[in-house]
Amino acid sequence: MNTYQVIDSGNFQKLEQVGPYKLVRPAPGAVWSPQQSQSLWKEIDAKFERFSDGNGKWQVFNKSMPTEWNITYGGSELHIQRTSFGHLGLFPEQAQNWQIIRELSTSDREFKVLNLFAYTGGSSLAAAQAGALVTHLDASKPSVDWAKNNARLNHLDDKIRWIVDDAQKFIERESRRDNKYDAVILDPPSFGRGSKNQVWKIEEHLIPFLRNIKKILTPNFKYILLSSHSQGYTPFALNNILRDIFGAKYEFRESEMTVVDENEFPIPSGACSFLIHH
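So the number in our numbering is just where the residue sits in the sequence shown, counting from 1, plus 1280.
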């Protein structure tokens, strides 16, 4: 098997099959009990344990397990890497969004997509696969390099423009330059720092940031995808933010992002809202 699936979940953890390797990682939304045997949970290659102070560490049981490998998931080839903070560079809860991005980014004209806080680029790949010209922005150079690797795996290097920058400063400059986009994707963190140590706090900066994004959209822009993993930013909250800023004349599709395990238990994994301009 060279893809991704969740085998079981519960006790605030998930048992994952990531390509040829079985991992256990935290899943704060898995508040129920595991459905499968405890012996299955012990037949793993590695486990990430998060401590109360927010830090954590990997326990590796399979000493021949590499720190990085590739899988096929959600319509793309993806580079997987065990990071020191427990991430793998894969956000499987976004897979359904990737399919919608492909559908909405298909156009018979030049179609420009801006992906902000773009991390390892799953959404950038989806838009580029549909033929869009994608601008991929993240404040972290290692994350952008990771996304570039994913693009090479999918032969999409020439479809994506790569930018390491603070998202807020970039939007302000694009507005002054009168550069316009047909779609914007953003998955802002709760807290972060820009490329020059600029502070981002979602509760302070998201709404004025979206007001600035409004200035760089083409008159007939197609969509905005706003997703979040921050507490309190539920699907309806994201919907209301978009309706407040852009108006109620659009189609809105809000949903809880989930990953479903083999027992058909959906694991809450964030929220999203699509604003679609017909």
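In this text, a Cβ means the ideal position worked out from N, Cα and C, and glycines have one as well.
Return the CA-CA distance between Y1301 and S1420, expressed in angstroms with no decimal places. Taking the sequence shown and counting its residues from 1, the one referred to as residue 1301 is at position 21. Taking the sequence shown and counting its residues from 1, the one referred to as residue 1420 is at position 140. Their backbone Cα atoms lie some 27 Å apart in a straight line.
Out of curiosity, what's the CA-to-CA distance linking P1306 and R1389? Here residue 1306 refers to the residue found at position 26 when the sequence shown is read from its first residue. Here residue 1389 refers to the residue found at position 109 when the sequence shown is read from its first residue. Each residue's alpha carbon lies about 43 Å from the other.
In whole angstroms, give me the CA-to-CA distance for G1290 and V1540. Position 10 of the sequence shown holds residue 1290. Position 260 of the sequence shown holds residue 1540. G1290 and V1540: Cα-Cα distance of roughly 12 Å.
Please determine, among D1438, K1481, L1466 and Q1293, the residue with the shortest C-alpha to C-alpha distance to L1555. As a working note, residue 1555 is residue 275 in the sequence shown. Measuring from the Cα of L1555, the nearest candidate turns out to be L1466.
So, is E1531 buried or exposed, given that buried needs 16 or more other C-beta atoms within 10 angstroms? Locating residue 1531 in the sequence shown gives position 251, where the first residue counts as 1. Per the 10 Å Cβ criterion, exposed.
In the DSSP assignment, what residue or residues form a beta bridge with Y1503? Here the question's residue 1503 lines up with position 223 in the sequence shown. Beta-bridge pairing links Y1503 to A1463 and I1556.
With DSSP collapsed to three states, give me the class of F1526. By 1-based counting over the sequence shown, the position of residue 1526 is 246. F1526 falls in the helix class under three-state DSSP.
Could you spell out the range, first to last residue, of the beta strand (DSSP E) harbouring W1442? Your numbering for residue 1442 matches position 162 in the sequence shown. Counting along the chain, the beta strand (DSSP E) containing W1442 begins and ends at I1440 to V1444.
Along the chain, where does the beta strand (DSSP E) that runs through S1404 open and close? Taking the sequence shown and counting its residues from 1, one reaches residue 1404 at position 124. No beta strand (DSSP E) holds S1404; the alpha helix (DSSP H) holding it covers G1402 to Q1409.
At the level of alpha carbons, what is the spacing between A1279 and V1304? Lying outside 1281 to 1558, the shown extent of the chain, residue 1279 is not represented and no answer is given.
Measure the C-alpha to C-alpha separation of Q1297 and Y1284 and round it to an integer number of angstroms. Indexing the sequence shown from 1 puts residue 1297 at position 17. Indexing the sequence shown from 1 puts residue 1284 at position 4. Their backbone Cα atoms lie some 6 Å apart in a straight line.
Have a look at the DSSP bridge pairing and note the partners of A1431. By 1-based counting over the sequence shown, the position of residue 1431 is 151. Paired residues: none, contrary to the question.
So, helix, strand or coil for F1489, using DSSP? One-based indexing of the sequence shown puts residue 1489 at position 209. F1489 falls in the helix class under three-state DSSP.
Once the 5 residues before and after G1354 are set aside, which same chain residues still bring their CB inside 6 Å of it? As a first step, residue 1354 is located in the sequence shown; it is residue number 74 there, counting from the start. Cβ within range, chain order: A1375 and W1378.
As a quick exercise: from A1406, R1523 and G1401, pick the residue whose alpha carbon is nearest that of E1383. Reading the sequence shown from its first residue, position 103 is the one you call residue 1383. Checked all of A1406, R1523 and G1401; the closest Cα to E1383 is A1406.
From W1312 to A1447, what distance separates their C-alpha atoms? For the purposes of this step, residue 1312 is identified with residue 32 of the sequence shown, where counting begins at 1. For the purposes of this step, residue 1447 is identified with residue 167 of the sequence shown, where counting begins at 1. Straight-line Cα distance between these residues: approximately 37 Å.
Who pairs with H1416 in a beta bridge, going by DSSP? Taking the first residue of the sequence shown as 1, we reach residue 1416 at position 136. BP columns for H1416 point to N1395 and W1442.
Taking the beta carbon of I1451 as the centre, do at least 16 other beta carbons fall within 10 Å, making it buried, or is it exposed? Looking up residue 1451 in the sequence shown gives position 171. Under this definition I1451 is a buried residue.
Determine the DSSP secondary structure at K1481, reduced to helix, strand or coil. Against the sequence shown, residue 1481 aligns to sequence position 201. It is a strand residue.
Beta strand (DSSP E) containing K1327: first to last residue? Here residue 1327 corresponds to residue number 47 of the sequence shown, with the count starting at 1. It spans A1326 to R1330 - the beta strand (DSSP E) in which K1327 sits, taken as one unbroken run.
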